[in-house]
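Chemist:
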Ligand code: ADP
Ligand code: MG
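Here you go:
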């Protein structure tokens, strides 16, 4: 596009809350073959809450006390949900030591001398903790779009805490608009396949890539870009390398600083309809030259 068209396009974007950092990004967005969305905080609101508690062999208060002690040391959105739930119930506070975070798996620590961990099925399996007795409960939560977190104490399952995050009100509409414009939509998440499939049904994305470790998001974007230009949309620290790797990285404005720094486009609002607008803006800018 001509410098004038780029200037006009950039100005138009800025007025509607779409900040474009480079001419290349403005030009590339319109020819995107695929838009990849992070799930938590991008398609969903990013403020999950506890929607179910299923204790096993302990009572609910004990399960939540152990989990809250552990999650007090974590910064994951799931941790905030569990802390808020425990606070609302005025549960006594235990203190965790030797805290450990397992990327893409969960958290572990010592609580009152007991070895406690919380996270997904693969974390449990890596620690040799049997979860078969809870499979049906976990599956039910996941099919409703919630994430079942397994909690174990001294090598034995102590229960499941289900945490769920709503999709943003406009996500499904924005995704269907992209489909109508001939763009493939993909959701990328560290969450499990079943929960991701339930969110896929609500959001309407064409494809889901679930169970992706934080370090592997970038590689998935690189793989998708073999088929054509890729736009990556994300908000988290985890998303930064993938945002940088994509042909166009779009950061959600209320996302983390590192995501905003790594992106080519920043949305002032956290509404995915602005991703549609960015693609349209690019297409209009390119048309101006011809
Ligand atoms: P995402 O950002 O998509 O949630 P993460 O890599 O942060 O991906 O997490 C992947 C999975 O690891 C989560 O779905 C959850 O099952 C587990 N997990 C991560 N952090 C925690 C935590 N603090 N407490 C319990 N489980 C966790
Ligand atoms: Mg996110």
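In UniProt numbering, the protein residues as written are 420 to 709. Even for Gly, the Cβ is constructed at its ideal location relative to N, Cα and C. Note that the structure is predicted; figures quoted are calculated from it, not measured.
Helix, strand or coil for residue 510 per DSSP?
Modeler: Note: residue 510 maps to coil in three-state DSSP.
Chemist: DSSP on residue 585, reduced to helix/strand/coil?
Modeler: It is coil, neither helix nor strand.
Chemist: Just list the beta strand (DSSP E) runs in the region 608-653, keeping only unbroken ones of 3 residues or longer that don't cross its boundaries, in chain order.
Modeler: You should have 626-628 and 649-653.
Chemist: Rounded to the nearest angstrom, what separates residue 605 and residue 588 at their Cα positions?
Modeler: Residue 605 and residue 588: Cα-Cα distance of roughly 18 Å.
Chemist: Identify whether residue 592 lies in helix, strand or coil by the three-state DSSP scheme.
Modeler: Three-state result, residue 592: helix.
Chemist: Does at least one heavy atom of the ligand MG sit under 8 Å from the Cβ of residue 625?
Modeler: Residue 625: no, Cβ never under 8 Å from the ligand MG.
Chemist: What are the residues that DSSP puts in a beta bridge with residue 473?
Modeler: According to DSSP, which records beta bridges pairwise, residue 473 is partnered with 579.
Chemist: Can you give me the start and stop residues for the alpha helix (DSSP H) that residue 660 sits inside?
Modeler: Here the alpha helix (DSSP H) through residue 660 covers 659-664.
Chemist: Under 9 Å, do residue 672 and residue 687 count as touching if we go by C-beta distance?
Modeler: Cβ atoms of residue 672 and residue 687: closer than 9 Å.
Chemist: Can you tell me the Cα-Cα spacing of residue 567 and residue 471, whole angstroms?
Modeler: Residue 567 and residue 471: Cα-Cα distance of roughly 9 Å.
Chemist: Can you tell me whether DSSP reads residue 675 as helix, strand or coil?
Modeler: In the structure shown, residue 675 sits in coil (DSSP, three-state: anything other than H, G, I, E or B).
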